[in-house]
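Asker: Just so we're aligned, residue 1100 is where the sequence shown starts under the working numbering, counting upward by one. Virtual Cβ for every residue (Gly too), placed ideally from N, Cα, C.
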Amino acid sequence: MEINKICAKIEAILFSVGESVECSRLADTLGITKNEVKNAAKELKKNYENDDRGIQLVEIEDSYQLVTKPEFYEDLVTIAKNPKKPVLTDAVMETLSVIAYRQPVTKSDIEKIRGVSSDHAVNRLIEYNMVKEVGRLNAPGRPILFGTTEEFLIRFGFSSVDDMPQIDPVKEEDFKAEAEVEITV
1100 MEINKICAKI
1110 EAILFSVGES
1120 VECSRLADTL
1130 GITKNEVKNA
1140 AKELKKNYEN
1150 DDRGIQLVEI
1160 EDSYQLVTKP
1170 EFYEDLVTIA
1180 KNPKKPVLTD
1190 AVMETLSVIA
1200 YRQPVTKSDI
1210 EKIRGVSSDH
1220 AVNRLIEYNM
1230 VKEVGRLNAP
1240 GRPILFGTTE
1250 EFLIRFGFSS
1260 VDDMPQIDPV
1270 KEEDFKAEAE
1280 VEITV
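See the structure below:
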């Protein structure tokens, strides 16, 4: 199958599905190799990079998705009159940070780190599709393990969690020392 035909089929699938689709799933659906999918995705991505295009192809881990270019966000808000972008309060952002850097993590671990109940913040992050249940801990009560979602990666501009900024070990030790002082006071 010629590359233009593959590109058109991938484009149609991604547009119709409206969310990311794994490379292997695209290959199976189209009856081609993953390498052919990746080559077509590169071609599509190059085509969308023109300034006069409103969408772009993004790669998230081993999946592809068609998304609106960021510079058109305000126009979408105007037309929709109801922006879906969640407002992350300090408590929700702090909880998200704990989950992102410690995943998979239980709610009790989050609460130990934060020092306060995190029920509301975790529920809000699940509602915003930034966090999801990724399994259960093999311990008494089998507590839920939480991790970040593709939505988190997209919103923060990461291809994978490996792209997140690393915490400076010296600063991390300083933060731990400050927290221990606060606990004893």
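Taking its Cβ as the centre, do 16 or more other Cβ atoms sit within 10 Å of ARG1241, making it buried, or is it exposed?
Answerer: In the sequence shown, counting from the first residue as 1, residue 1241 sits at position 142. Flag for ARG1241 reads exposed.
Asker: Might you give, ordered along the chain, the residues of its own chain that have their beta carbon closer than 8 Å to the beta carbon of SER1162, omitting 5 neighbours on each side?
Answerer: Locating residue 1162 in the sequence shown gives position 63, counting from the first residue. Excluding sequence neighbours, SER1162 sits near SER1119, VAL1120, GLU1121, CYS1122, GLU1249.
Asker: With a CB to CB cut of under 6 Å and the five nearest residues on each side skipped, what residues in its chain are close to VAL1215?
Answerer: Taking the first residue of the sequence shown as position 1, residue 1215 is located at position 116. No residues qualify anywhere along the chain.
Asker: In the DSSP output, what is GLN1202 paired with across the bridge?
Answerer: Mapped onto the sequence shown, residue 1202 falls at position 103. Its beta-bridge partners do not exist; DSSP assigns none.
Asker: Out of curiosity, what's the CA-to-CA distance linking LYS1203 and LEU1236?
Answerer: Locating residue 1203 in the sequence shown gives position 104, where the first residue counts as 1. Locating residue 1236 in the sequence shown gives position 137, where the first residue counts as 1. A small correction: the amino acid at residue 1203 is Pro; Lys does not occupy that position in the sequence shown. Distance between the alpha carbons of PRO1203 and LEU1236 is about 9 Å.
Asker: On a Cα-Cα basis, can you pick out the residue from ASN1103, ALA1238, THR1194 that is closest to THR1217?
Answerer: The residue labelled residue 1217 in the question sits at position 118 within the sequence shown. Looking at the sequence shown, residue 1217 is not Thr but Ser. Checking every option, the nearest Cα to that of SER1217 belongs to THR1194.
Asker: Give a yes or no on contact between the segment 1217 to 1227 and the segment 1133 to 1142, applying the rule of three or more CB pairs nearer than 8 Å.
Answerer: Short answer: they don't touch.
Asker: For VAL1221, does the count of other Cβ atoms within 10 angstroms reach 16, so buried, or fall short, so exposed?
Answerer: Taking the sequence shown and counting its residues from 1, one reaches residue 1221 at position 122. Flag for VAL1221 reads buried.
Asker: Could you name the residues that DSSP lists as bridge partners for VAL1120?
Answerer: By 1-based counting over the sequence shown, the position of residue 1120 is 21. Beta-bridge pairing links VAL1120 to TYR1163.
Asker: Span of the beta strand (DSSP E) holding VAL1233?
Answerer: In the sequence shown, counting from the first residue as 1, residue 1233 sits at position 134. VAL1233 -> beta strand (DSSP E) spans 1230 to 1235.
Asker: What's the C-alpha gap between GLY1117 and GLU1277?
Answerer: Here residue 1117 is taken as the residue at index 18 of the sequence shown, counted from 1. Here residue 1277 is taken as the residue at index 178 of the sequence shown, counted from 1. Their backbone Cα atoms lie some 45 Å apart in a straight line.
Asker: Rounded to whole angstroms, how far is the Cβ of ARG1253 from the Cβ of ILE1159, which I believe are closer than 8 Å?
Answerer: If you number the sequence shown from 1, residue 1253 lands on position 154. If you number the sequence shown from 1, residue 1159 lands on position 60. Just to set this straight, residue 1253 is Ile in the shown sequence, not Arg. About 7 Å; that satisfies the 8 Å criterion.
Asker: Suppose you measure from the CA of THR1205 to the CA of LEU1244; what does that come to, to the nearest Å?
Answerer: On the sequence shown, position 106 is the one that residue 1205 refers to. On the sequence shown, position 145 is the one that residue 1244 refers to. Straight-line Cα distance between these residues: approximately 5 Å.
Asker: Measuring only the C-alpha atoms, how far is ILE1109 from ASP1151?
Answerer: Reading the sequence shown from its first residue, position 10 is the one you call residue 1109. Reading the sequence shown from its first residue, position 52 is the one you call residue 1151. Rounded to the nearest angstrom, the two C-alpha atoms are 21 Å apart.
Asker: Where does the unbroken beta strand (DSSP E) through ILE1243 begin, and where does it stop?
Answerer: Stepping through the sequence shown from its first residue, residue 1243 is reached at position 144. Start and end: 1243 to 1247.
Asker: Going by CA-CA distance only, name the one from LEU1165, SER1196, VAL1157 that's closest to MET1229.
Answerer: Here the question's residue 1229 lines up with position 130 in the sequence shown. Taking only the C-alpha atoms, the option nearest MET1229 is SER1196.
Asker: Go through its chain and collect everything with a Cβ distance to GLU1210's Cβ below 7 Å, but skip five positions before and after it.
Answerer: Taking the sequence shown and counting its residues from 1, one reaches residue 1210 at position 111. Contacts found: SER1216, SER1217.
Asker: Are there 16 or more other CB atoms within 10 angstroms of the CB of SER1175, so buried, or fewer, so exposed?
Answerer: Residue numbering aside, residue 1175 sits at position 76 when the sequence shown is read from its first letter. According to the sequence displayed, residue 1175 carries Leu and not Ser. Result: exposed.
Asker: Give me the Cα-Cα distance between ASN1149 and CYS1106, rounded to the nearest whole angstrom.
Answerer: Locating residue 1149 in the sequence shown gives position 50, where the first residue counts as 1. Locating residue 1106 in the sequence shown gives position 7, where the first residue counts as 1. So the alpha carbons of these two residues sit roughly 16 Å apart.
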